[in-house]
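Numbering (the working numbering), first residue to last: 2 to 72. Even glycine gets a Cβ: it sits at the ideal position worked out from N, Cα and C. As the structure is a prediction and not an experimental result, all values here were calculated from the model. Beneath this line is the structure, given in structure tokens, with notes to follow.
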């Protein structure tokens, strides 16, 4: 990186898009991804669908459980 950058001609918010939906990339370790791919194939579903379903169910359990105070 340069020690200094010239922002004198910069435009604030040039790439800002109101209401834009941000999608988070999630990286799984190789073994977990392989297992989830097998589950998805067995169910005849897309990997993303399976991961979202599992995460939704687990978060619902965690939120309703007295064990977890904050999520």
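Asked, Found
"Per-residue DSSP class, three states only, for residue 36", "helix"
"Within 8 Å, strictly: CB atoms of residue 48 and residue 37", "yes"
"Distance between residue 28 and residue 18 (C-alpha atoms, nearest Å)", "26 Å"
"Bounding residues of the alpha helix (DSSP H) (the contiguous stretch that carries residue 56)", "48 to 65"
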